[in-house]
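Just below is one structure, and these are the notes that go with it.
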Amino acid sequence: VGPWKGVSLLRRQRVAIESLVLRARLDGEDGVLSVGVRLRGIAAAVEAVALEVSGPSGAERAELSVEPAAGGVSASGELCLPRVDRWWPHTHGEPALYGVELKIATGGAAVTADAGRVGFRELEAGPGPGHDVEEDGLDLHLNGVRVFARGALWTPPDAVGLAPDAATLRGALEQVRAAGMNMVRIPGTGAYESACFHDLCDELGILVWQDFMFANLDYPVADEGFRAGVEREARAVLAELGQHPSLAVLCGNSEVEQQVAMLGLEPELGRGELFGELLPDLVAASAVDAPYLPSAPCGGSMPFRPDRGVANYFGVGGYRRPLEDARRAAVRFASECLAISNVPDEAGVEAVMPGAAADVVVHHPRWKAGVPRDAGAGWDFEDVRDHYLRLLFGVDPVELRSCDNERYLELSRAVSGEVMAAVFSEWRRSGSPCGGGLILWLRDLAPGAGWGIVDSAGSPKVAYHHLRRVLAPIAVSITDEGLGGLAVHIANDGREPLRARLRIGLYRDGEQRVGEGEREVGLQPHDALSLDAEAVLGRFADLSYAYRFGPPAQDLVVATIEAEGSAELLSQAFHFPAGRPTATEAAERLGLEASAAHDAGGAIHLRLRARRFVYGLRIHAPGLSAADDALSIEPGGTREVALRRSGRGEPGDAIRLSALNMRGRVTVPVPAPPSP
137 VGPWKGVSLL
147 RRQRVAIESL
157 VLRARLDGED
167 GVLSVGVRLR
177 GIAAAVEAVA
187 LEVSGPSGAE
197 RAELSVEPAA
207 GGVSASGELC
217 LPRVDRWWPH
227 THGEPALYGV
237 ELKIATGGAA
247 VTADAGRVGF
257 RELEAGPGPG
267 HDVEEDGLDL
277 HLNGVRVFAR
287 GALWTPPDAV
297 GLAPDAATLR
307 GALEQVRAAG
317 MNMVRIPGTG
327 AYESACFHDL
337 CDELGILVWQ
347 DFMFANLDYP
357 VADEGFRAGV
367 EREARAVLAE
377 LGQHPSLAVL
387 CGNSEVEQQV
397 AMLGLEPELG
407 RGELFGELLP
417 DLVAASAVDA
427 PYLPSAPCGG
437 SMPFRPDRGV
447 ANYFGVGGYR
457 RPLEDARRAA
467 VRFASECLAI
477 SNVPDEAGVE
487 AVMPGAAADV
497 VVHHPRWKAG
507 VPRDAGAGWD
517 FEDVRDHYLR
527 LLFGVDPVEL
537 RSCDNERYLE
547 LSRAVSGEVM
557 AAVFSEWRRS
567 GSPCGGGLIL
577 WLRDLAPGAG
587 WGIVDSAGSP
597 KVAYHHLRRV
607 LAPIAVSITD
617 EGLGGLAVHI
627 ANDGREPLRA
637 RLRIGLYRDG
647 EQRVGEGERE
657 VGLQPHDALS
667 LDAEAVLGRF
677 ADLSYAYRFG
687 PPAQDLVVAT
697 IEAEGSAELL
707 SQAFHFPAGR
717 PTATEAAERL
727 GLEASAAHDA
737 GGAIHLRLRA
747 RRFVYGLRIH
757 APGLSAADDA
767 LSIEPGGTRE
777 VALRRSGRGE
787 PGDAIRLSAL
797 NMRGRVTVPV
807 PAPPSP
C-alpha cells in the first residue's frame with residue numbers, strides 16, 4: 137500500500153503549516169470560529185499569528201495565542217463575528233460562507249495563508265434533545281428548521297481513476313442541485329472524496345452524509361495494527377471534514393448491522409467495539425458538528441425495519457410492494473431507496489452497443505450486463521421495473537417488448553420516474569413521519585439501464601426530471617386518500633413567504649373541463665400545507681373514484697400553483713382517477729403546437745401549447761440540455777422550456793417532440809441564432 141491519487145511536493149520558503157483545525161459554531165446570532173494550528177518557521181521563527189475572517193456580514197480580526205511546540209509553534213484562539221449570515225442548504229436559503237486567512241509574522245516579514253472557507257449553522261438530528269435517532273429516525277433540523285433531506289448515493293464521474301477535475305465535479309454537483317436534491321451520501325462501499333468535492337458542496341448548499349469506509353464485513357478490531365490504522369484514518373478524515381458546514385451525517389459503515397441481523401447472528405456482532413465505541417469516541421473528540429450513526433441501516437428491533445431508526449427501504453422497488461407501501465411502511469429515513477433499472481435515452485441505449493438498433497440492444501446479453509442484479513437472486517431490477525410497468529400502465533412487458541420495442545422503452549423510462557415521484561410525494565407531505573430519502577444511486581457506472589437517475593455519460597434520465605419537479609423547493613403534489621378523496625400538498629422550503637393561487641381542474645376525455653376550483657394560499661418560509669381537493673372545489677366529486685357511483689366523472693385531475701398576481705406556473709401535479717392514458721393520438725388531434733426562438737443569453741426557448749392533454753412530452757434535442765422534460769401539458773395549457781448547449785455534440789437545426797399519448801414525432805425547426 138502506497139500513495140494514492142495525486143501527490144505534490146511543495147517548496148515552502150518562510151513557513152510551513154503542519155496541521156490546522158477550524159471549528160465554526162453559533163452563539164445566538166453571532167458566529168464563533170475556533171482555530172488550532174501548528175506552524176514551523178523555515179527561514180526564521182514564527183513570531184505572531186492573527187486570524188482574519190470575512191464574509192457577507194463583514195470582517196473581523198483576532199490575534200492568536202502562540203506557544204512553543206516541538207519543531208515550531210502552536211497557535212490557538214477564537215474569533216467572534218456579530219450577527220453572521222447563516223449557512224443553509226440551497227433548498228432552504230443561501231449557503232453563506234466566510235473566507236479565513238492566517239496572517240503570520242516571521243523574521244520581520246508577513247505571510248498570508250489561505251485557510252479555506254467556513255459556514256455558521258446549527259445542526260440537530262431531531263426536533264429536540266429527547267430525539268433518539270435509532271428509535272425516532274433521522275430528522276435533520278438546520279438553524280431550527282426541519283429539513284426534508286432528499287438526494288442520492290454519490291457515484292463519482294470518474295469511477296475508475298476517482299480523480300475528476302474541478303469542472304467535472306462542479307457539473308455533477310450542479311446537476312444534483314438542479315434536481316432539487318439537497319444531500320448526497322458517500323457510501324462505505326466507495327472511497328473518500330476530495331477537498332474540492334467538499335468545498336463545492338459547501339458553496340452549492342448540498343448536505344453530505346459521510347460513511348467511514350467500512351461495509352458488510354466483520355472487521356478485526358482486536359488486531360492492534362488494524363485498530364491503529366482505523367484510528368489514523370478516522371482522525372485524518374475528521375480533521376479534513378470538520379470545518380465544512382455541508383457535513384451533516386457521519387456513519388460508521390454500510391449494512392454491517394443489517395447483514396448480521398439477516399444472518400440471524402447476535403446483534404452485538406453488528407456494532408461491536410469498532411462502530412459502537414472506537415469511531416463514536418473519535419468523532420466526539422474531534423468536535424465535528426454532525427450526528428454519528430453506527431451503521432446504515434440501524435435502529436429498532438431489527439436494523440432494517442423501516443418504521444424505526446434509519447432504514448434501507450426497497451418495499452416500493454426491489455420487493456415489488458404496491459405504491460401504498462411507501463406510507464404503510466412509515467419510513468423514518470431511507471438511507472437507500474428506490475433501486476430501479478432506469479432506462480437511459482436513445483444515446484444511452486446506443487452506447488451499450490454502438491451502431492446496433494435499439495430493438496437488438498435490449499435483447500442482447502450486453503444490455504443485461506448493465507442491469508443491476510442482487511447476487512444469488514433469480515430476478516434483476518429490470519424485472520422490478522417491468523412489475524411496475526404492468527401495475528401502472530396495464531401492459532404485458534414481455535409482449536410489448538417483443539412487438540413494439542420503442543413503446544416499451546418509452547413507457548419503461550416513464551414508469552420508474554412516476555414510481556419515484558409517487559414515493560417522494562408521500563414522504564414529503566406535511567403529515568409524513570419521514571425525514572428524508574436517498575436514492576440508490578445518482579449516476580450509472582457503465583452504459584445501460586442501471587440504478588442511476590443520470591446515465592454514465594452524465595445525461596439525465598426521465599426519472600431525474602420527475603424527481604426534479606417533486607423535490608423542487610416550491611412543489612405541489614397529489615396523494616390518493618381512498619374514501620378520503622384526493623389530498624393536495626404544497627411545500628415552500630425557501631426563506632421567503634409564498635403567496636400563490638391553487639387551482640384544481642377536472643377534465644373528461646382528455647379535453648372537456650367538467651369542474652374547477654381556486655383558493656389563495658399563503659405559506660410561511662420553510663412551511664408546508666395539505667388541503668382536501670374537494671374542499672377547494674366546494675363539492676363532492678369522487679376525485680379518487682373510490683365510491684364509484686357510476687362511471688368516473690373525470691379522468692384527469694390537475695393541481696396547479698401559480699404566483700400571486702400572475703399566471704407564472706410554480707408547480708403542477710396530475711392524477712388519473714380512472715388510470716393512466718394508454719391510447720395514442722395524432723399530434724393534430726391533441727392540438728399540439730410548438731415553436732422555438734433564441735434569447736439574448738444564448739438559450740433556445742421552446743414554447744408549447746396543446747388543446748388536449750399531452751402526457752409525458754419528451755424533448756429530443758441532441759447537443760442541447762432541456763431545463764424540463766417528460767412533462768405533461770394541461771388541456772388548453774401552455775408551457776415554455778429553456779434549452780442550452782450540453783457540451784455533448786453540436787445542436788441540430790430542429791427539435792423533435794414525442795409523448796406517451798401521441799403517435800409519431802413533431803419536428804420543430806430551430807432558427808439560426810441572431811448575429812452578434
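So the mapping is simple: my numbering equals the position in the sequence shown, first residue as 1, plus 136.
All C-beta atoms in this analysis are idealised placements derived from N, C-alpha and C, irrespective of residue type, glycine included.
Should residue i be labelled buried (16 or more other beta-carbon atoms within 10 Å of its own) or exposed?
i: residue 683; result: exposed
i: residue 141; result: exposed
i: residue 268; result: exposed
i: residue 284; result: buried
i: residue 534; result: exposed
i: residue 500; result: exposed
i: residue 216; result: exposed
i: residue 455; result: exposed
i: residue 676; result: exposed
i: residue 708; result: buried
i: residue 107; result: The structure shown does not extend to residue 107, since the chain spans only 137 to 812, so no value can be given for it.
i: residue 587; result: buried
i: residue 615; result: buried
i: residue 219; result: exposed
i: residue 143; result: exposed
i: residue 520; result: buried
i: residue 303; result: exposed
i: residue 770; result: buried
i: residue 82; result: In this structure the chain extends from 137 to 812, so residue 82 is not present and cannot be described.
Whose C-alpha, out of the options, is nearest the C-alpha of residue i?
i: residue 824; options: 325, 377 and 228; result: In the structure as shown, the chain starts at 137 and stops at 812, and residue 824 therefore has no counterpart that could be examined.
i: residue 642; options: 729, 689 and 766; result: 689
i: residue 233; options: 240, 608, 251 and 239; result: 251
i: residue 459; options: 596, 674, 551 and 592; result: 551
i: residue 291; options: 582, 755 and 494; result: 582
i: residue 703; options: 781, 501, 773 and 733; result: 773
i: residue 701; options: 709, 634, 672 and 692; result: 634
i: residue 451; options: 435, 472, 436 and 445; result: 472
i: residue 446; options: 345, 164, 295 and 505; result: 345
i: residue 537; options: 647, 495, 562 and 198; result: 495
i: residue 249; options: 222, 255, 236 and 658; result: 236
i: residue 244; options: 150, 282, 276 and 209; result: 150
i: residue 706; options: 697, 712 and 713; result: 697
i: residue 545; options: 165, 373, 737 and 794; result: 794
i: residue 319; options: 470, 374, 167 and 505; result: 470
i: residue 562; options: 666, 661 and 497; result: 666
i: residue 264; options: 278, 791 and 658; result: 278
i: residue 173; options: 185, 521 and 805; result: 185
i: residue 356; options: 414, 303 and 342; result: 414
i: residue 194; options: 571, 221 and 201; result: 221
i: residue 734; options: 693, 806, 767 and 699; result: 806
Based on DSSP bridge pairs, tell me the residues matched to residue i.
i: residue 205; result: 208
i: residue 366; result: BP columns for residue 366 are empty, so no partner.
i: residue 710; result: 694
i: residue 357; result: DSSP lists no partner for residue 357.
i: residue 667; result: 624
i: residue 239; result: 186 and 248
i: residue 651; result: 642
i: residue 780; result: 761
i: residue 319; result: 287 and 343
i: residue 383; result: 344
i: residue 705; result: 698
i: residue 198; result: 187
Nearest chain C C-beta to residue i closer than 8 Å, yes or no?
i: residue 390; result: Here chain C cannot be found, since the structure has a single protein chain.
Contact the stretch 565-584 vs the stretch 539-555: 3+ CB pairs below 8 Å: no
How about the stretch 772-789 and the stretch 742-761: do they share at least three Cβ pairs that are nearer than 8 Å? yes
Mind pulling the beta strand (DSSP E) runs of 3 or more residues that sit fully within the stretch 268-303? 285-289
The stretch 439-448 / the stretch 411-428 touching (three or more Cβ pairs under 8 Å): no
Those runs of the alpha helix (DSSP H) which lie wholly inside the stretch 418-492 and span at least 4 residues: 461-464 and 482-486
Is the stretch 393-407 touching the stretch 428-435 in the sense that three or more CB pairs, one from each, lie closer than 8 Å? yes
Taking contact to mean at least 3 C-beta pairs separated by less than 8 Å, is the stretch 783-798 in contact with the stretch 755-772? yes
List in chain order: all unbroken alpha helix (DSSP H) runs of 4+ residues lying wholly within the stretch 723-769. Taking 4 residues as the shortest admissible run, the stretch 723-769 contains the following complete alpha helix (DSSP H) segments, listed from N- to C-terminal end: 723-726.
Three or more beta-carbon pairs under 8 Å between the stretch 623-639 and the stretch 331-339, yes or no? no
Considering only residues of the stretch 559-589, which uninterrupted beta strand (DSSP E) runs meet the minimum length of 3 residues and lie entirely inside it, listed in chain order? 572-575
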